[in-house]
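**Q** My questions all concern the structure below.
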Amino acid sequence: MSVPPEKVLADVGRRLSEPLSKDPLVKLLKKAASALSELRQSSSLQHAIAPLSNSLVQKKLLQHKDKDVRILLAVCFSEIIRVLAPTPPFSDQILKGIFKLIISIFSELSDVENAYFGKRVKILETIAALRCCVLMLDIGCENLVLEMFNIFFSVVRDEHQQNLLQAMLSIMVAIVEEKVSKNLLDVILSNLLKEGKGGSYGSFKLAVSLVENCAERLEPHIRGFLTSCISERDATGNELKEFYHEIIFQIYQCAPQILIAVMPNLTQELLTDQVDVRIKAVHLIGKLLTHSRLQLALEYRPLFIEFLKRFSDKSSEVRSSAVDCAKACYLVKSSGAEAFEILTALQGRLLDFDDKIRIQAVTVVCELAQANLEFFPLELILQAADRVRDKKVSVRKKAMIKLLELYHAYCIKCSEGLLPITDHFEQIPSKIITLCFDKDCKEFSLQKMELMLAEDLFPASLPAEERVRHWMALFSFFTLPHCKALDSILAQKQRFQREMRTYLSLREIGKSRRGHEKISACFKKMSLSFIDSIKAEECFRKLHQMKDNNIFKALLELVREQSFSNIQSNQEAFLKRIGDKHSNYEFFRVLSLKCAYSIFTVDHVRSILEGLLSKKNEREQYLDTTNFDLLVSIVSIFPTLLRGSEDQFLGLFPMEVEQLNEKLLQMLIRAGGHISIKLRDIYPFLEQACLEGSRIQSKQAVSAMALLMSASDELIFDDLCEKLLGFLNRGQNMPTILQSLGCIAQHSLSSFQLHAEEITQFIIQKIISDVEVRSNFPLLPKVSPFFRSASCKLKIYGLKTLVKSCLPLQVAHGQNQIRGLLDILLKILQEEEIPDGVVEADQAHLRLAAAKSVVRLSTRWDLHISPRLFNLSMALARDPSPVVCRSFLCKINKLLKEQAIPKRYACALALGCCSECLSDTKADALNYLGQFFREYNRRARLTHGSPRQNMDGGALTTFPAYIVVFLIHVLAHDRGFPSADSQDDEYAFASFYSPLIALLQASVNPDFYAGGKLEEVNEMASYLCGIFSAVKRAVDAVDIRFTSKLHRLSEIGLFMVRKVAHNPRPPSHSPRLVLLPSSLYKVNDDARSEQAHLDEGFMERILLRAESFISRSPPPHFRTACSSCSGRDREERGRSPSDGGEEKSRESGGPHEPQEEGGAVLVLFFTVDVETAGENHGSFQNVGARAKAINTHKFHATFFYRFPCYNDF
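Numbering (my numbering), first residue to last: 6 to 1214.
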């Protein structure tokens, strides 16, 4: 029979008053706890429980040290409080001890494995349910309350059951609702900061739950605390003040209503003078915006506006923080007005004056765009792409990296069908390729850009077809500079592949000394394609020493045209054979990229052709030539990539758009020798182009015929000439017909000569000599300075045809024909061949065409050009028409740079420096003259050494200053030569002599000599004195009546040399041997030549005045082009020497053999007095004859070795 609980409790209470050991004590406490748990809540049980209560509150029990005893004691107290609630039968002092015991029991709640864990939870739940913890506030136990809160925050764990957590929260809420002290608030807030700072996440969650449940009660206290933190941020005394931003953020997440009165105060922090405070405020608001998905911007609009202003803060650190926040904000919400405002603020940082901020802004924009490709503002992407032209290299470099990452993501989306081809993204490559315009920065050199196009532009996994899609899209944004940059990159790759093939073939030949030298030369050339050329050359030598022949077979395989997939597999196989542990693995990786067709392959070309062919078959009417331009760029550098696609290529002929036909012909000419195309397959189209196409098409068509012609096609040009002659006689499409005939004369002179007489007579009589020639082709507006009538154009085209007939690509004799043509040109320049009634503008253009014809003929027939014709041609440099003057100077400069004409034609540049034309024309001429002197001085020095080393030889004529002998002859025969008696007109004198002064200034300008050595300048001044002295002792071979003018010019020249030279050498240092052209000068039979007497004061004034005619504005580094040149001229000048060399050699006809006439020279010795050198003139003539013999055998071989035309004086 069971004992009633009341009796048990009385018995236990009695026995507890006795001294007990631990085990009996534990046994009794368990018995009491069990009995208490059976009792219901009732105040009437107080008498029954009194014995037990009195025994339990003994000091020896409340302060017992044993854990088992203490926890059982706490269970008993909690049950007594439960049964007798709401009035526990204890005094305040006893309650303090009881609560202290209970709270100590709570401190072990973290140990979930403990045997008494359940009892501790039971005690906690009981206290929570009874809300008796509030009694601690009534009896003045605030410290115990704080201790309890700290214990709860310290013991709470994520793995605790929900009932335990809820019990803790209930107790804490009851306390907070009753009273909130400052210390208690500090405990709560400090636990809000424990997230991510090494503290328990459970304590953070508990603090959040407490704030959420007591928001209204805590609001005034938290508001007061945060407000004081903001307004008194520098005050000390509370460690939490340092973290009030984190507190604000945590409270905003759990109870944002608490901060309604606090948030506006943050505006003060954004406006404070303290940078660190503004930075923290920006970070806080950014986090709040991110958490609220920009809702904060709507709730606190003034605060958001001030936040946006921090993007343009005066502190770079604040701006940097704002940019960081922009990224986080946009990632959580990319739509809406607030997101747009943030992007607008971010956009402004792309132009920040701090390069680090610009880098950060570009990075953020690209990363945001990459995360939201479909909807990100495209204009902002373009503005970020513009940073590749930033003034700081670091910005450009980072912009390139991030833009390539963005472009990769875009390409992948396109390949997956998730995005269409988008223009804004396709502009990124064109922006990046502009980096190679920075020639002084190795980071963006052509070598670096080649690697970028080969491996960084597209994702490695992107197939060739997808790459072609993007190439066709992005190439539409390429301008002329972009195309030139791409051409340069491809040409660099083509040169490298050519040198690699040469090396591999040399390696197979043998190990001769000559072979080693050639291999070393190949290494040096190939190493230039690497960023570090010195290291690359060393690696090439190590490659050469490798014994594994399979490596060289793999390299040979790489430089062959292959499909895209084969190239990738061959590269992988090559690198696998090298091994990634190899010390020079990176070099071999780059080598594999450079050897292979890693930018464009046969697959690329085939895909482009198929795309073009499908558009043609669908009869799409389009004028976009982008795809053709891309194909032309590829084929012009890598013509062999057309192999295997001949059928698709032929299928494009003809196109409805004439411009496209020109591009097709251009590709046919370039690739014709590398692909399998028969002339008969395409001849109808080529013939039509020669008869009915444009002049450009006809020229290209004839070149294509000559290229594709085989032995069975020899009569094609004969038949075509007959058809062309018929069109010519009928006056049909005459510009094109004349072009075709001229080109045929160049490629097949025998076919042209069958009808040469008839064609020549027609051109002379019915075109050149006729006032009006009718033909249908467009004209320029008459208001244009380039206006030429139809009749004038035909006359010019006729002249060009005759000139071409005298310049066949294969050297042939045609002296009779050239003499007739030169007579015609002379008459045109004298305006005798120009019919009456031709307007003045047409006359100017005809003179220009005639002078250009003379210059072009000089590439092969310079010996036949008379002094009179030369002088008249040079006069075009001072033509009253600015269009004529500038065009002629551009032509002279172009041919001089190509070394296609004798250097005496540089006289035109000196004349142009002082013409009456526009100042721009004079400046261009002065630039051209400087370029001429600098380059030809360099070449002469390389060939013959310094002037001092050649004081006794004819090699001095290779120096550009020698052209003075031609210039003074031109000036002497000028109709405007001032009379010696008219010295009052100083302006006329200065204007006339200024070309000579300009030439002399250039001759003694140290900037035009290697290293600016004054010694060489002084030697050249001495040589010039020798030339003028020689001219004074000679007579005019053309017309002796001009001898006095030559002598006068020589005297002036001597005077000017002494004035413009820095330190001219004395006469004893003058050369002992001077060569003068016998076509212009001959020996003076009268030893007593008349000496011209100069007024030195007058000449000094002339020199000063002449300087006003000579432009002094060109920059230190001379410009290479003038603004007046046509687009075609600019394109020709933009080509690399290797591009233009083939055409130049065809025009000049290749190496020239010395001809029999016109090669004599006059030799004068100045170390011996002329009168005593020989008492009769015969001895003097013998000296000249001997020099002539020297010239014929030796001088030609050395002097003309480097020039297309052997006769240069």
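Just so it is clear, CB atoms sit at the ideal spot from N, CA and C, and this is done for glycine as well. As the structure is a prediction and not an experimental result, all values here were calculated from the model.
Measure the C-alpha to C-alpha separation of Arg125 and Asp281 and round it to an integer number of angstroms.
**A** Going by C-alpha positions, Arg125 is about 48 Å away from Asp281.
**Q** Give me, in chain order, the residues of the same chain whose beta-carbon lies closer than 6 Å to that of Leu114; leave out the 5 immediate sequence neighbours on both sides.
**A** Arg125, Val160
**Q** Would you mind reading off the limits of the beta strand (DSSP E) that contains Ala1039?
**A** 1039 to 1041
**Q** Within the chosen definition, does the region 840 to 849 reach the region 872 to 880 through at least 3 CB pairs nearer than 8 Å?
**A** no
**Q** From the DSSP output, read off the bridge partner residues of Pro1011.
**A** The partner list for Pro1011 (beta bridge, DSSP) is empty, contrary to what the question assumes.
**Q** Could you have a look at Lys187 and say whether DSSP puts it in helix, strand or coil?
**A** Looking at Lys187 - three-state DSSP - the assignment turns out to be helix.
**Q** Scan the region 146 to 229 and note each continuous alpha helix (DSSP H) run of 4 residues or more that stays entirely inside, going in chain order.
**A** 147 to 160, 167 to 183, 187 to 197, 206 to 218
**Q** Straight-line CA distance for Asp73 to Asn119?
**A** Going from the Cα of Asp73 to the Cα of Asn119 covers about 11 Å.
**Q** Quick check on Ile103: buried or exposed, where buried means 16 or more other Cβ atoms within 10 Å of its Cβ?
**A** buried
**Q** Can you look up Asp444 in the DSSP assignment and give me helix, strand or coil?
**A** Sequence inspection shows Lys at residue 444; the Asp mentioned does not correspond to that position. Lys444 falls in the coil class under three-state DSSP.
**Q** Can you find the residues in the same chain that come closer than 7 Å, C-beta to C-beta, to Ala459, ignoring five residues on each side of it along the sequence?
**A** Leu598, Ser603, Ile604
**Q** Throw me the rounded Cβ distance for the Phe1013 and Asn898 pair, which I believe falls under 8 Å.
**A** Phe1013 to Asn898, Cβ: 15 Å. No contact.
**Q** Run through DSSP, which three-state label would Pro1082 get?
**A** strand
**Q** Please determine, among Cys334, Gln262, Leu759, Arg283, the residue with the shortest C-alpha to C-alpha distance to Thr295.
**A** Cys334
**Q** Relative to the C-alpha of Phe312, which candidate in Pro269, Ser340, Ile386, Lys338 has its C-alpha closest?
**A** Pro269
**Q** Starting from Val599, follow its DSSP beta bridges and name the residues at the other end.
**A** Before going on, a small fix: residue 599 reads as Lys here, not Val. Per DSSP, none; premise fails for Lys599.
**Q** According to DSSP, what are the bridge partners of Lys1087?
**A** Val1040
**Q** Would you call Gly917 buried or exposed, if buried means 16 or more other Cβ atoms sit within 10 Å of its Cβ?
**A** buried
**Q** Kindly list the residues whose CB is nearer than 6 Å to the CB of Gln751, restricted to its own chain and excluding five residues on each side of it in sequence; keep chain order.
**A** Lys809, Pro813, Leu814
**Q** For a quick check, are the C-beta atoms of Thr963 and Arg944 less than 9 Å apart?
**A** Yes. Within cutoff.
**Q** Distance, Cα to Cα, Cys695 vs Ala849?
**A** 29 Å
**Q** Measure the alpha-carbon distance for Ala342 versus Thr272 and round it to whole angstroms.
**A** 21 Å
**Q** In its own chain, which residues sit with a C-beta less than 8 Å from the C-beta of Leu14, not counting the 5 before and 5 after it?
**A** Ala37, Ala40, Leu41, Ala53, Ile54, Pro56, Leu57.
**Q** Hey, out of Val564, Glu244, Met710, whose CA is closest to Ala676's CA?
**A** Nearest option by C-alpha distance: Met710.
**Q** State yes or no: is the C-beta of Ile833 within less than 9 Å of the C-beta of Asp867?
**A** In this structure, Ile833 lies away from Asp867, with their beta-carbon atoms at least 9 Å apart.
**Q** Using only CA atoms, which one of Cys138, Asp163, Val213, Val185 lies nearest to Ile176?
**A** Cys138
**Q** Tell me which residues share the same chain as Ile364 and place their Cβ nearer than 7 Å to its Cβ, disregarding the 5 neighbours each side in the sequence.
**A** Ser399, Val400, Lys403
**Q** Under a three-way DSSP split, which group does Leu1031 fall into?
**A** Checking the sequence shown, residue 1031 turns out to be Gly, not Leu. Gly1031: helix per DSSP, three-state reduction.
**Q** How many angstroms separate the CA atom of Val607 from the CA atom of Phe569?
**A** 7 Å
**Q** What does the Cβ neighbour count give for Arg1038, buried or exposed, with the cut at 16 atoms within 10 Å?
**A** buried
**Q** Between Ile438 and Leu491, how many whole angstroms is the CB-CB distance? I'm expecting something under 8 Å.
**A** 7 Å
**Q** Using only the alpha-carbon positions, how far apart do Phe1208 and Lys683 sit?
**A** Unreliable placement is indicated for Phe1208, whose pLDDT of 25 sits below 50; the coordinate value is still reported in the next sentence. Cα-Cα distance, rounded: 37 Å.
**Q** Alpha carbon to alpha carbon, what distance is there between Ile642 and Gln499?
**A** 7 Å
**Q** Just checking, does the region 365 to 380 make contact with the region 322 to 338 on the three C-beta pairs under 8 Å criterion?
**A** yes
**Q** What is the DSSP secondary structure of Pro740, reduced to helix, strand or coil?
**A** helix
**Q** Under 8 Å: do the region 1032 to 1048 and the region 993 to 1001 share three or more Cβ pairs, one atom per stretch?
**A** Contact between the region 1032 to 1048 and the region 993 to 1001 is absent, because fewer than three Cβ pairs lie under 8 Å.
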